[in-house]
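Asks:
2 protein chains.
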Amino acid sequence: MIDKLVEQIQEKNAPVVVGLDPMLSYVPEEIQKKSFAEYGETLEGAADAIWQFNKGIIDAVYDLVPAVKPQIAMYEQYGVPGMAAFEKTVSYCKKQGLLVIGDIKRGDIGSTSAAYAVAHLGKVQVGSKVYEPFGEDFATVNPYLGTDGIEPFLKVCRENDKGIFVLVKTSNPSSGELQDKEVEGSTVYEHVADKVRAWGQTCMGTVYSNVGAVVGATYPEVGKVLRKAMPQSFLLVPGYGAQGGKAEDLAAYFNPDGQGAIINSSRGIICAYTKEAYKQFGPEHYADASRQAVLDMVEDINKYRPKA
Amino acid sequence: MIDKLVEQIQEKNAPVVVGLDPMLSYVPEEIQKKSFAEYGETLEGAADAIWQFNKGIIDAVYDLVPAVKPQIAMYEQYGVPGMAAFEKTVSYCKKQGLLVIGDIKRGDIGSTSAAYAVAHLGKVQVGSKVYEPFGEDFATVNPYLGTDGIEPFLKVCRENDKGIFVLVKTSNPSSGELQDKEVEGSTVYEHVADKVRAWGQTCMGTVYSNVGAVVGATYPEVGKVLRKAMPQSFLLVPGYGAQGGKAEDLAAYFNPDGQGAIINSSRGIICAYTKEAYKQFGPEHYADASRQAVLDMVEDINKYRPKA
Numbered sequence: 003m004i005d006k007l008v009e010q011i012q013e014k015n016a017p018v019v020v021g022l023d024p025m026l027s028y029v030p031e032e033i034q035k036k037s038f039a040e041y042g043e044t045l046e047g048a049a050d051a052i053w054q055f056n057k058g059i060i061d062a063v064y065d066l067v068p069a070v071k072p073q074i075a076m077y078e079q080y081g082v083p084g085m086a087a088f089e090k091t092v093s094y095c096k097k098q099g100l101l102v103i104g105d106i107k108r109g110d111i112g113s114t115s116a117a118y119a120v121a122h123l124g125k126v127q128v129g130s131k132v133y134e135p136f137g138e139d140f141a142t143v144n145p146y147l148g149t150d151g152i153e154p155f156l157k158v159c160r161e162n163d164k165g166i167f168v169l170v171k172t173s174n175p176s177s178g179e180l181q182d183k184e185v186e187g188s189t190v191y192e193h194v195a196d197k198v199r200a201w202g203q204t205c206m207g208t209v210y211s212n213v214g215a216v217v218g219a220t221y222p223e224v225g226k227v228l229r230k231a232m233p234q235s236f237l238l239v240p241g242y243g244a245q246g247g248k249a250e251d252l253a254a255y256f257n258p259d260g261q262g263a264i265i266n267s268s269r270g271i272i273c274a275y276t277k278e279a280y281k282q283f284g285p286e287h288y289a290d291a292s293r294q295a296v297l298d299m300v301e302d303i304n305k306y307r308p309k310a
Numbered sequence: 003m004i005d006k007l008v009e010q011i012q013e014k015n016a017p018v019v020v021g022l023d024p025m026l027s028y029v030p031e032e033i034q035k036k037s038f039a040e041y042g043e044t045l046e047g048a049a050d051a052i053w054q055f056n057k058g059i060i061d062a063v064y065d066l067v068p069a070v071k072p073q074i075a076m077y078e079q080y081g082v083p084g085m086a087a088f089e090k091t092v093s094y095c096k097k098q099g100l101l102v103i104g105d106i107k108r109g110d111i112g113s114t115s116a117a118y119a120v121a122h123l124g125k126v127q128v129g130s131k132v133y134e135p136f137g138e139d140f141a142t143v144n145p146y147l148g149t150d151g152i153e154p155f156l157k158v159c160r161e162n163d164k165g166i167f168v169l170v171k172t173s174n175p176s177s178g179e180l181q182d183k184e185v186e187g188s189t190v191y192e193h194v195a196d197k198v199r200a201w202g203q204t205c206m207g208t209v210y211s212n213v214g215a216v217v218g219a220t221y222p223e224v225g226k227v228l229r230k231a232m233p234q235s236f237l238l239v240p241g242y243g244a245q246g247g248k249a250e251d252l253a254a255y256f257n258p259d260g261q262g263a264i265i266n267s268s269r270g271i272i273c274a275y276t277k278e279a280y281k282q283f284g285p286e287h288y289a290d291a292s293r294q295a296v297l298d299m300v301e302d303i304n305k306y307r308p309k310a
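Protein chains in written order, with the working numbering: chain A, 3 to 310; chain B, 3 to 310.
(1) Taking 8 angstroms as the CB-CB limit, is residue 147 of chain A close to chain B?
(2) Quick one, are the C-beta atoms of residue 17 of chain A and residue 279 of chain A less than 8 angstroms apart?
(3) Cα separation between residue 145 of chain A and residue 107 of chain B?
(4) Indicate whether at least one CB of chain A lies closer than 8 angstroms to the CB of residue 257 of chain B.
(5) Does the beta carbon of residue 193 of chain A come closer than 8 angstroms to any beta carbon on chain B?
(6) Using a Cβ distance threshold of 8 angstroms, determine whether the segment 284-301 of chain A contacts the segment 11-25 of chain A, with at least three qualifying pairs required.
(7) Can you pull the chain B residues whose beta carbon is under 7 angstroms from the beta carbon of residue 73 of chain A, in chain order?
(8) I'd like to know whether the C-beta of residue 271 of chain A is nearer than 8 angstroms to at least one C-beta of chain B.
(9) If you draw a straight line from the C-alpha of residue 39 of chain B to the C-alpha of residue 237 of chain B, how long is it?
(10) By a C-beta neighbour count over all protein chains shown, 10 Å radius and 16 as the cutoff for buried, is residue 117 of chain B buried or exposed?
(11) By the 7 angstroms beta-carbon criterion, what residues does the segment 145-177 of chain B contribute toward chain A?
(12) Whole angstroms are fine: how far does the CA of residue 167 of chain B sit from the CA of residue 1 of chain B?
(13) Looking at residue 119 of chain B: is its Cβ nearer than 8 angstroms to the Cβ of residue 135 of chain B?
(14) Could you say which of A:220, A:231, A:271 lies nearest to residue 250 of chain A if we only look at CA atoms?
(15) Below 6 angstroms CB to CB, which residues in the same chain sit around residue 81 of chain A once its five sequence neighbours on both sides are set aside?
(16) Could you list the residues in the segment 197-208 of chain A with a C-beta less than 9 angstroms from some C-beta on chain B, going in chain order?
(17) Report buried or exposed for residue 172 of chain A, applying the criterion of at least 16 other Cβ atoms within 10 angstroms of its Cβ.
(18) Are residue 124 of chain A and residue 158 of chain A close, meaning C-beta to C-beta below 8 angstroms?
(19) For residue 341 of chain A, collect the residues of the same chain with a Cβ closer than 8 angstroms to its Cβ; drop the 5 residues on either side in sequence, then sort them by chain order.
(20) Using a beta-carbon distance below 8 angstroms, is residue 219 of chain A in contact with chain B?
(21) Return the CA-CA distance between residue 128 of chain B and residue 43 of chain A, expressed in angstroms with no decimal places.
(22) At the level of alpha carbons, what is the spacing between residue 184 of chain A and residue 186 of chain B?
(23) Looking at the unbroken beta strand (DSSP E) that takes in residue 166 of chain B, where does it start and where does it end?
(24) What does a CB cutoff of less than 8 angstroms around residue 30 of chain B pick up in its chain, not counting 5 residues either side in sequence?
(25) Going along the segment 56-88 of chain B in order, which residues come within less than 8 angstroms of chain A, judged by CB to CB distance?
(26) List the DSSP bridge partners of residue 217 of chain B.
(27) Rounded to whole angstroms, how far is the Cβ of residue 266 of chain A from the Cβ of residue 233 of chain A, which I believe are closer than 8 angstroms?
(28) Going by C-alpha distance, which of A:228, A:150, A:52 is nearest residue 34 of chain A?
(29) Count the other CB atoms within 10 Å of the CB of residue 139 of chain B; is the residue buried (16 or more) or exposed (fewer)?
(30) Taking CB distances under 8 angstroms as the criterion, tell me whether residue 52 of chain B reaches chain A.
(31) Just to confirm, is the Cβ distance from residue 354 of chain B to residue 104 of chain B under 8 angstroms?
(32) May I have the straight-line CA-CA distance separating residue 169 of chain B from residue 228 of chain B, to the nearest angstrom?
(33) Any Cβ of chain B within less than 8 angstroms of the Cβ of residue 121 of chain A?
(34) Between residue 64 of chain A and residue 58 of chain A, what straight-line distance do the alpha-carbon atoms span, to the nearest angstrom?
(35) Mind listing the chain B neighbours of residue 110 of chain A? Cutoff is C-beta to C-beta under 7 angstroms, in chain order.
(36) Determine, for residue 47 of chain A, whether the minimum Cβ-Cβ distance to residues of chain B falls below 8 angstroms.
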């Protein structure tokens, strides 16, 4: 699956992923009203509103970017109907030719991780039939439980040609509390990076591994270190834009050939119509605002990205 | 909420939680057949089968134990219908007077953790209405992202009188890879325990905090250390039975008054009818086998538990 991501990035010349992390409050009022008229002010109504919102954005950007990254928490907060909206979003994105990175940050003991891996990247047997429950192409995974919590994901990745991104250094302010701690002469995040490299060897694509790493845009010095520590791991980089990461700092997240990283923006894209820079589009053209924000972001990232 | 757990444990004299972690393969064939007859061999059929299976067990044990712990991964693997079965299970358990610990092991950056907290312990606003999406009483939480990933859970716990259990030392074989690493003269798990104690201070019940810790039964030496490190944190202890934890080793997980810990068993209870010791019940009386397994487990744990 990582080969497809590399190919799509090259084809679209855009190492950019759009984070589909909708809150009801991001959805233009007209869309909310329509959904509430059909389903009432219910979880179904909320789920329909975020799905309609997503659909508009997907239709406006699918030709510009290789992938989207729906954050499952944003759907989970609307309960079962929210999960249905997540599934619908994943499936529609795939139909539109986008790769889907499920930002699920799951991770548990072996038998439980196996169930998560099946849920998001694999297939489940029901009697004589087989189903793909949520059907993402990639998933983010938490490493706190160690190798036996990761291995079931690797197995499912190998069997179904899928990929994972393991949390190594996250973009949030207190990520350092645990991740930066010194361990045996290096740091926790470097220690996890070593594991990612080892796990990655068991699940290689052509150049990159199907085991990538999440490395926040907000710690560029760490990004530089981790790029070198995991040369064959693709970096999924959150934190650009709303969280403060800058394109000039992101050059070091790429390999010298300009490959090896994909930068995420969520609110910066999906809420573009609420920002000063794109206000002229107005809420009724929110999707066009998102499209323009993607174009601007791609230009910004490519300006500093190493040339092949 | 922790006060209610303490009270329920005392009332039922059972520091035991039943892990509702159903796989379709655990469900007696007759139940599967009935669900497939109604819904076909579909995700809906699988979800109905695990829900019927759960219901039988809940009805057979609800008077014996204070709480259940459904593992959400087991439901997630059956997609959206599986999530509906999770929600139905949570809601039915609460109706039967059981406390529900959602074993969800979520954790993310602040704004995303807030969405998870709302999903599982809080309420979500939809227009003028308010809903409880999944409605558990407690949730397990992953600490890899640090304080700002935990704080939204604390906030929701304070607002809604709910609780969390933070992963400190998990029960699986490779938990030590990261959790046992030496950090500033102690270990990663002790470092996380310090955080749990600090977070717990902001969310106290009468004696114990609403911020507890997950500490695996499979590492009794660590359990002893962590019991002392977090005297006011309730320990949620997985790994008894199927994973190898023994009752005699669990004495040290309790405080001297016999309180402060709750021991989980999942497969040992819900799959009891498949074990040699309970085979005589037969698949048609699987729930009675589970009841007997609970009675035996409570006796086993209480034999070694410190007396008040």
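For every residue, glycine included, the Cβ atom is placed at its ideal position computed from N, Cα and C.
Replies: Based on what the coordinates show:
(1) Counting from 1 along the first sequence, the entry for residue 147 of chain A is found at position 145. With 8 angstroms as the cut-off, residue 147 of chain A counts as an interface residue toward chain B.
(2) Working through the first sequence from its first residue, we reach residue 17 of chain A at position 15. Working through the first sequence from its first residue, we reach residue 279 of chain A at position 277. No; because the gap between Cβ atoms is not below 8 angstroms, this pair is not in contact.
(3) Along the first sequence, read from residue 1 onward, the residue named residue 145 of chain A stands at position 143. Along the second sequence, read from residue 1 onward, the residue named residue 107 of chain B stands at position 105. Cα-Cα distance, rounded: 12 angstroms.
(4) For the purposes of this step, residue 257 of chain B is identified with residue 255 of the second sequence, where counting begins at 1. Residue contact with chain A for residue 257 of chain B: absent (no Cβ-Cβ distance below 8 angstroms to any residue of chain A).
(5) Sequence index remark: in the first sequence, residue 193 of chain A carries index 191 (1-based). Interface residue, yes.
(6) Judged by Cβ distances under 8 angstroms, the segment 284-301 of chain A makes contact with the segment 11-25 of chain A, as three or more pairs qualify.
(7) If you number the first sequence from 1, residue 73 of chain A lands on position 71. 114, listed in chain order.
(8) Walking along the first sequence from the start, residue 271 of chain A turns up at place 269. No, no contact with chain B.
(9) Looking up residue 39 of chain B in the second sequence gives position 37. Looking up residue 237 of chain B in the second sequence gives position 235. In a straight line, the C-alpha of residue 39 of chain B is about 42 angstroms away from that of residue 237 of chain B.
(10) Working through the second sequence from its first residue, we reach residue 117 of chain B at position 115. Buried is the call here.
(11) So the close ones are 145, 146, 147, 148, 149, 150, 151, 169, 172, 173, 174, 175, 176, 177.
(12) In this structure chain B extends from 3 to 310, so residue 1 of chain B is not present and cannot be described.
(13) Counting from 1 along the second sequence, the entry for residue 119 of chain B is found at position 117. Counting from 1 along the second sequence, the entry for residue 135 of chain B is found at position 133. Taking 8 angstroms as the cut-off, the beta carbon of residue 119 of chain B is found no closer than this to the beta carbon of residue 135 of chain B.
(14) Against the first sequence, residue 250 of chain A aligns to sequence position 248. Put simply, of A:220, A:231, A:271 the residue whose alpha carbon is nearest the alpha carbon of residue 250 of chain A is A:220.
(15) As a first step, residue 81 of chain A must be located in the first sequence, where it is residue number 79. 45.
(16) Cβ contacts with chain B: 197.
(17) One-based indexing of the first sequence puts residue 172 of chain A at position 170. With 16 or more Cβ atoms within 10 Å of its Cβ, residue 172 of chain A is classed as buried.
(18) Numbered from its first residue, the first sequence carries residue 124 of chain A at position 122. Numbered from its first residue, the first sequence carries residue 158 of chain A at position 156. The answer is yes: Cβ separation under 8 angstroms.
(19) Residue 341 of chain A is absent from the model: chain A starts at 3 and stops at 310.
(20) By one-based count along the first sequence, residue 219 of chain A stands at place 217. Residue-level contact by beta carbon fails for residue 219 of chain A and chain B, as no gap is shorter than 8 angstroms.
(21) What you label residue 128 of chain B is simply residue 126 of the second sequence in a count that begins at 1. What you label residue 43 of chain A is simply residue 41 of the first sequence in a count that begins at 1. Cα-Cα distance, rounded: 6 angstroms.
(22) Along the first sequence, read from residue 1 onward, the residue named residue 184 of chain A stands at position 182. Along the second sequence, read from residue 1 onward, the residue named residue 186 of chain B stands at position 184. A straight-line Cα-Cα distance of about 7 angstroms links residue 184 of chain A and residue 186 of chain B.
(23) In the second sequence, counting from the first residue as 1, residue 166 of chain B sits at position 164. Its beta strand (DSSP E) spans residues 165-171.
(24) In the second sequence, the residue the question calls residue 30 of chain B occupies position 28. Excluding positions up to five away in sequence, the list reads 55, 275, 285, 286, 288.
(25) From the segment 56-88 of chain B, only 73, 75, 76, 78, 79, 80, 81, 82, 84, 85, 86 have a Cβ closer than 8 angstroms to chain A.
(26) Residue 217 of chain B sits at position 215 when you count from the first residue of the second sequence. Residue 217 of chain B is bridged by DSSP to B:171.
(27) Taking the first residue of the first sequence as 1, we reach residue 266 of chain A at position 264. Taking the first residue of the first sequence as 1, we reach residue 233 of chain A at position 231. Actually they do not touch by this definition, with Cβ atoms about 21 angstroms apart.
(28) Numbered from its first residue, the first sequence carries residue 34 of chain A at position 32. If we check each option's Cα against that of residue 34 of chain A, A:52 comes out closest.
(29) Counting from one through the second sequence, the residue named residue 139 of chain B turns up at place 137. Classification of residue 139 of chain B: buried, given that the 10 Å Cβ count is 16 or more.
(30) Against the second sequence, residue 52 of chain B aligns to sequence position 50. It does not; no Cβ of chain A falls within 8 angstroms.
(31) Outside the shown range of chain B (3 to 310) lies residue 354 of chain B, about which nothing can therefore be said.
(32) Against the second sequence, residue 169 of chain B aligns to sequence position 167. Against the second sequence, residue 228 of chain B aligns to sequence position 226. Residue 169 of chain B and residue 228 of chain B: Cα-Cα distance of roughly 12 angstroms.
(33) For the purposes of this step, residue 121 of chain A is identified with residue 119 of the first sequence, where counting begins at 1. Chain B contact via Cβ: present.
(34) Within the first sequence, the letter at position 62 stands for residue 64 of chain A. Within the first sequence, the letter at position 56 stands for residue 58 of chain A. A direct Cα-Cα distance of roughly 10 angstroms separates residue 64 of chain A from residue 58 of chain A.
(35) As a first step, residue 110 of chain A must be located in the first sequence, where it is residue number 108. Result: 75, 107.
(36) Taking the first sequence and counting its residues from 1, the one referred to as residue 47 of chain A is at position 45. Interface residue, yes.
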